[in-house]
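Those sequence lines, one after another, are chains A and B. With positions in the first sequence counted from 1, the corresponding number in the numbering used here is that position plus 3. With positions in the second sequence counted from 1, the corresponding number in the numbering used here is that position plus 621. From the three backbone atoms N, C-alpha and C, an ideal C-beta is built for every residue, glycine too. Here's the structure, in structure tokens; my notes come after.
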Amino acid sequence: MVEALNISEKLSSDTLAHGPKIYEKDLETKGVITIEAVSKVFSHPDGSLVQALKEVELNIESGEFITLIGPSGCGKSTLLRLIAGLETATSGSLCLDGKPIVGPDAERGLVFQNPYLFPWLNIHNNVAFGLKARRVFGKEKDEVSKYLELVGLLKFGKVYPHHLSGGMAQRASLARALINKPTVLLLDEPLGALDAFTRMNMQDEILRIRSEKHITMVMVTHDVDEAIYLSHRIVVMTPTPGKVERILKVPFPRPRSRNTPDFLLLRGKILEILHFAGHLEEPPYQI
Amino acid sequence: MRTAEKAIDEVQLCTPCEAASSKAPKEATTTCEATCELEEKTLETSETSLVAKAESKSRVNLVGLLNSNRTVISILLALVVELDFAASGKQPPADRPYFVYFLLISLVFFTLFPLLFSSRKSILEKFREKDNFYAASFLFLNVLNLLTGKFTVLPPIFFPTPDRILAVLVEDFHYLIIVCLGSSAKLLFSGFFAGALAGLVTGIAIGFSKTASYWLNPAIKILGPIPPTAWIPIVLVAFPTTWTAAVFLVALSVWFPTSVMTSSGILNVQNAYFEVSSTLGAKRLYQIFWVGIPAAMPLIFTGLFSGACASFLTLMTAEMVGVKNGIGWYIHWQRQMLSYANVYAGLIVIAVTFYSLITLFFKFRDRILVWQKGMIKW
Ligand SMILES: Nc1ncnc2c1ncn2[C@@H]1O[C@H](COP(=O)(O)OP(=O)(O)OP(=O)(O)O)[C@@H](O)[C@H]1O
Ligand SMILES: [Mg+2]
């Protein structure tokens, strides 16, 4: 079963490398995000205006893994919060599966850098929160243990959040978002606070969940390696005003290696776009 | 030379093995003897050292016993003073030797308690820790007895003997506890729950609704700081009975801190929790009851606690001014009659009652707030 999944994953990644458009064609096409000419202007308390996003255009396919990368203040979180419905765009339109996004909804899960587990609920009840809020807890009680198991926290259901390590807390918040079976999962630097090893484990975990549940994922990260390791496409953003600078396709098959020459070349290219490459020779061929 | 060295070796061998099995010194001696039975001379040396050790240990045990039960000694001392010293005769005697009864009951309690709970280490540990405090308390009663009953250094009208105070508690039990305390409790609970409920409602409204905040906040800020007892002249006129007036005053004194703390608790909840819950599918009403209020719980309890303390004060004042019943009124009335034994008895009842209420309150709070970091003390 697991092998079969891996193979289908590989195949779909391979088709991805060749055909630009359709990913995992035979699965239902939900979770398509269309962002058209979206701008966001914040007014600060002192009266000054900040253009956080300017004319952002982005189309995200069903089941695609997109990472947003760029320097601090380029509007990554703002874009994510717009998709989540926590902010409203100053102009432009955001749609999910053709329907305009108005306000937050359980179909668009969000995981922050800080796990924000509810400290007054134990882990089991934290994960169950979405079910209860949507009034389906009676029917779907058993889901809680399933999702706790998915993130390896089955034994910690009775524990309160302040007893968990950072990685465990983040996994719990992932389970809490996933239990609603969202079509889109938005991740705002979810692994930013974790050590390198926990981080790589979590990356694999996220990939596993994505392939199992067929969820469109949009993730903000500051880690170029992470972006290349995870995504189908990388959206490179630049600040003042925040805009999409370049969208790069990552054509590598999965499961990916972090050490192939192509990987390092793409890494160099992204850093170059962000002007962090240091002194870099142009690669002799195009990736 | 060689044997002497060996003897020293043997002694050194014996001591740690004795120390290790301090619970069974007999066994230790026999095993030590076995190892020591190599040479006669060494045997002698080690045996003498063992005897000396055993002796010093039994002395330590006696001192340890005395040390671990200072309360009992203090009680015995108080008993000796009460029974052996003649009263000065300046204080009217009680009908029965209540102080002796009290000391005897305490003596039985404090000697039996460690025996009854000898298997429950944690309870015993707590009990031992408080030993000094209990001992000092009985010493205080003892000194008080000396100053009032025996030598009567203090004016007898204002400082009755412990005997007489206990006599009031026993002989006036029905009136003091059932009638007065009962009436106070009825007033206190009616006022407290009415005030707490009103405070929670206004606090939650201010926390979640801009309109409520606009209208209620200034009202609370202006009216809240007025001490509830300052309303007495108006309230006594405005309410049909003094009892309802007193309930209102108690409620008022609980309402203000509860309301302020509840609203500020809710307003201080990190917005991220509301955002997270909304992306998980929670609607407004669900967020109010399952995010806002639980997150504000620590501050709500702080408000309720200040409210409870304020309500005790208001209750006592209200009873001394208007209501013709209750424990506060009892004290006021007895003071006017210069029956200070009754006044002290009333104070003791109040202290015990309020102490128990506050303890119960904190137990309840700790139950609700188990999730708080560093709050796992029961
Ligand atoms: N609620 C807000 N009010 C005012 N300005 C805001 C608000 N949120 C974001 N901004 C501004 O919008 C810009 C983009 O912010 P955003 O948080 O999206 O950046 P980011 O790319 O996520 O940065 P980082 O990598 O540091 O998280 C910043 O200049 C910020 O000051
Ligand atoms: Mg950000």
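How would you call residue i, buried or exposed, if buried means at least 16 neighbouring beta carbons within 10 angstroms?
i: B:P781; result: buried
i: B:S899; result: buried
i: B:R988; result: exposed
i: A:E192; result: buried
i: B:D1003; result: Only positions 622 to 999 of chain B appear in the structure, and residue 1003 of chain B is not among them; the question remains open.
i: B:T980; result: exposed
i: B:S727; result: buried
i: A:N183; result: buried
i: B:N690; result: buried
i: A:I237; result: buried
i: B:V991; result: exposed
i: B:N590; result: A question about residue 590 of chain B goes unanswered here, because the residues of chain B that appear run from 622 up to 999.
i: B:M958; result: exposed
i: A:P48; result: exposed
With a threshold of 9 Å between beta-carbons, can residue i be considered close to chain A, or not?
i: B:S898; result: yes
i: B:G902; result: yes
i: B:A893; result: yes
i: B:A645; result: Any answer about B:A645 is weak, because its pLDDT of 43 lies below 50 and its placement is not dependable; what the coordinates show is given next. No, B:A645 does not count as interfacial toward chain A.
i: B:Q993; result: yes
i: B:M918; result: yes
i: B:P915; result: yes
i: B:W911; result: yes
i: B:Y907; result: yes
Quick one: residues in its chain with C-beta nearer than 7 Å to the C-beta of residue i, no 5 flanking neighbours on either side, listed in chain order?
i: A:V239; result: I72, G73, E248, R249, L251, I273, I276, L277
i: B:I827; result: A833, S834, L837, N838, S884
i: B:G913; result: G828, F829, I887, V890
i: A:L120; result: N129, P164, A172, A175, S176
Kindly list the residues whose CB is nearer than 8 Å to the CB of residue i, restricted to its own chain and excluding five residues on each side of it in sequence; keep chain order.
i: A:E229; result: T70, L194, R202, Q206
i: B:D793; result: N963, A966
i: B:Q993; result: P919
i: B:L745; result: P735, F738, S739
What does a CB cutoff of less than 6 Å around residue i pick up in its chain, not counting 5 residues either side in sequence?
i: B:A939; result: A867, L870
i: B:A708; result: G770
i: B:K984; result: none
i: B:R986; result: F922
i: A:N62; result: T37
i: B:V942; result: I853
i: B:F706; result: K771
i: B:G947; result: C801, S804, S805, E940
i: B:V789; result: A962, N963, A966
State yes or no: is the beta carbon of residue i nearer than 9 Å to at least one beta carbon in chain B?
i: A:Y163; result: yes
i: A:G50; result: no
i: A:G78; result: no
i: A:A87; result: yes
i: A:K333; result: Because chain A in this structure spans residues 4 to 290, residue 333 of chain A falls outside the shown range and cannot be described.
i: A:L194; result: no
i: A:D108; result: yes
i: A:I92; result: Ile is not the amino acid found at residue 92 of chain A; the sequence shown has Ala there. No, no contact with chain B.
i: A:G101; result: no
i: A:A175; result: no
i: A:F159; result: no
i: A:G95; result: no
i: A:G169; result: no
i: A:Y119; result: yes
i: A:R307; result: Shown here, chain A extends from 4 to 290; a query on residue 307 of chain A therefore has no answer.
i: A:F2; result: Missing from the structure shown is residue 2 of chain A; chain A here goes from 4 to 290 and no further.
i: A:L151; result: no
i: A:R270; result: no
i: A:F140; result: no
i: A:N62; result: no
Quick test of the definition: if touching needs 3 or more C-beta pairs under 8 Å, does the segment 925-932 of chain B touch the segment 813-820 of chain B? yes
Does the segment 178-191 of chain A come within contact of the segment 130-143 of chain A, defined as at least 3 CB pairs closer than 8 Å? yes
Three or more C-beta pairs below 8 Å linking the segment 787-807 of chain B and the segment 832-844 of chain B: no
At least 3 beta-carbon pairs within less than 8 Å: the segment 131-151 of chain A vs the segment 74-92 of chain A: no
Count Cβ pairs between the segment 214-228 of chain A and the segment 183-190 of chain A that sit closer than 8 Å; are there 3 or more? yes
Any residue with its C-beta under 6 Å from a non-hydrogen atom of ligand 4 counts. Can you list them all in chain order? Among the ligands modelled here, namely ligand 1 and ligand 2, ligand 4 does not occur.
Could you name each continuous alpha helix (DSSP H) segment of 4 residues or more that falls completely within the segment 864-903 of chain B, going from the start of the chain to the end? 892-900
Beta strand (DSSP E) segments (min. 3 residues) lying fully within the segment 937-992 of chain B: none
Specify whether the segment 902-920 of chain B and the segment 852-861 of chain B touch according to this definition: at least 3 beta carbon pairs, one from each stretch, less than 8 Å apart. no
Is the segment 32-51 of chain A touching the segment 92-101 of chain A, taking contact as three or more C-beta pairs under 8 Å? yes
Identify every run of the beta strand (DSSP E) within the segment 154-207 of chain A, keeping only runs that are complete inside it and at least 3 residues long; order them along the chain. 187-191
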